């Protein structure tokens with residue numbers, strides 16, 4: 005029995021070293037999984053600091069107090085976001101007729117804005133020229149919507165301005181929102197939608213979205229919806245938002261009943277035609293799981309804590325038995 009204690013301690017040290025090495029080696033993967041699964045919890049932390057409101061910002065989120073053709077923010081606030089409108093259509097397909105009508109409506113409400121229409125003919129060269137370190141990854145994305153998502157962040161960082169999905173038909177000018185450095189509409193149940201984004205040129209948060217693209221570039225078990233959402237889409241962008249130390253200036257149009265861009269809806273800013281053409285067979289399952297994300301996350305954390313306590317208790321019992329055996333053997337020797 006005298007050999008048991010040293011052997012046990014040796015084995016424990018070896019196991020601890022192995023666990024530590026594994027944790028260090030897979031630390032980035034662990035961080036990615038944790039940040040994605042805990043978004044329902046982390047998103048709401050300090051959320052009152054970044055939601056646009058009448059009380060804090062003297063801003064009418066119904067837009068009822070602003071002219072439909074207002075091209076800039078109020079005189080007392082400088083325009084941080086340049087008057088540039090970006091829209092993206094990749095995939096060598098002609099835009100649907102309804103999308104053309106929607107685009108023309110947005111152009112009519114922003115007659116003096118600079119406009120960029122990104123297609124397969126000019127997008128690839130733009131990425132090659134401005135973001136060569138991301139070009140091979142961008143070319144290698146499995147789904148076209150991933151390239152569209154990544155391109156949103158690239159053009160916003162390079163030019164600033166506003167990025168709109170093709171299925172958003174403007175009901176008014178977006179000028180009043182130009183006073184904020186970054187703006188996106190809230191999504192349900194957490195996070196924000198990236199179908200409508202506004203940002204100043206070179207905005208640090210948009211830079212973070214670009215910097216983290218390679219880190220989150222995972223193929224999630226071959227599930228199209230999960231792969232898109234967690235690598236480039238709304239969930240990914242919301243995770244990066246939640247990871248920022250100070251989110252005060254990363255402004256969100258809250259009140260999903262007003263500004264949620266989900267399905268065929270009308271908001272103060274848009275008619276959303278509700279295309280969601282990239283959604284795949286796993287979309288309903290992932291969305292359903294998202295509604296249970298908080299309970300599942302809490303359950304997982306609880307189970308993890310229980311396992312740790314059980315393991316610690318078993319280890320303590322084992323050490324106690326070893327000590328007792330050592331004491332008994334010493335008494336026999338004496």
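Residue numbers (this note's numbering): 5 to 338. Ideal placement from N, C-alpha and C gives every residue a C-beta, glycine not left out. Quick caveat: nothing in here was measured; it's all calculated off a predicted structure.
Residue i - DSSP class collapsed to helix/strand/coil
| i | result |
| --- | --- |
| residue 255 | strand |
| residue 98 | coil |
| residue 207 | coil |
| residue 194 | coil |
| residue 270 | strand |
| residue 173 | strand |
| residue 224 | coil |
| residue 134 | helix |
| residue 180 | helix |
| residue 139 | helix |
| residue 264 | coil |
| residue 219 | coil |
| residue 150 | helix |
| residue 129 | helix |
| residue 144 | helix |
| residue 231 | helix |
Residues that DSSP places opposite residue i in a beta bridge
| i | result |
| --- | --- |
| residue 168 | 91, 200 |
| residue 188 | 256 |
| residue 118 | 88 |
| residue 110 | Paired residue(s): none; residue 110 is not in a bridge. |
| residue 275 | 173, 270 |
Whole-angstrom distance between residue j and residue i, CA atom to CA atom
| i | j | result |
| --- | --- | --- |
| residue 35 | residue 52 | 25 Å |
| residue 178 | residue 274 | 10 Å |
| residue 285 | residue 194 | The predicted model places residue 285 with a pLDDT of 48, which falls under 50 and marks its position as unreliable, so this point remains unresolved. |
| residue 169 | residue 18 | 54 Å |
| residue 82 | residue 117 | 17 Å |
| residue 227 | residue 234 | 11 Å |
| residue 100 | residue 126 | 20 Å |
| residue 259 | residue 22 | 48 Å |
| residue 58 | residue 270 | 21 Å |
| residue 102 | residue 148 | 20 Å |
| residue 96 | residue 221 | 24 Å |
| residue 66 | residue 28 | 48 Å |
| residue 26 | residue 20 | 10 Å |
| residue 272 | residue 191 | 15 Å |
| residue 61 | residue 24 | 47 Å |
| residue 268 | residue 208 | 33 Å |
| residue 212 | residue 64 | 29 Å |
| residue 75 | residue 188 | 18 Å |
| residue 210 | residue 223 | 23 Å |
| residue 252 | residue 56 | 10 Å |
| residue 104 | residue 98 | 10 Å |
| residue 186 | residue 31 | 30 Å |
* Asked: In the segment 16-100, which residue ranges form an unbroken alpha helix (DSSP H) of at least 4 residues, counting only runs that do not cross its ends?
  -> For secondary structure counted as the alpha helix (DSSP H) over 4 or more consecutive residues, the segment 16-100 holds these complete runs in sequence order: 31-41, 43-46, 58-61.
* Between the segment 31-48 and the segment 240-254, are three or more C-beta pairs nearer than 8 Å? -> Touching, yes, given that three or more Cβ pairs across the two stretches are closer than 8 Å.
* Three or more beta-carbon pairs under 8 Å between the segment 85-94 and the segment 152-165, yes or no? -> Counting Cβ pairs under 8 Å, three or more are found: they touch.
* Segment contact, 8 Å Cβ cut-off, at least three pairs: the segment 186-206 with the segment 117-129 -> Judged by Cβ distances under 8 Å, the segment 186-206 makes no contact with the segment 117-129, as fewer than three pairs qualify.
* On the three-pair Cβ rule with 8 Å, is the segment 168-183 touching the segment 102-113? -> The count of Cβ pairs closer than 8 Å, one atom from the segment 168-183 and one from the segment 102-113, reaches three, so the stretches are in contact.
* Examine the Cβ distances between the segment 136-154 and the segment 233-240 and report whether three or more of them are shorter than 8 Å. => By the Cβ rule, the segment 136-154 counts as touching the segment 233-240, because three or more pairs are nearer than 8 Å.
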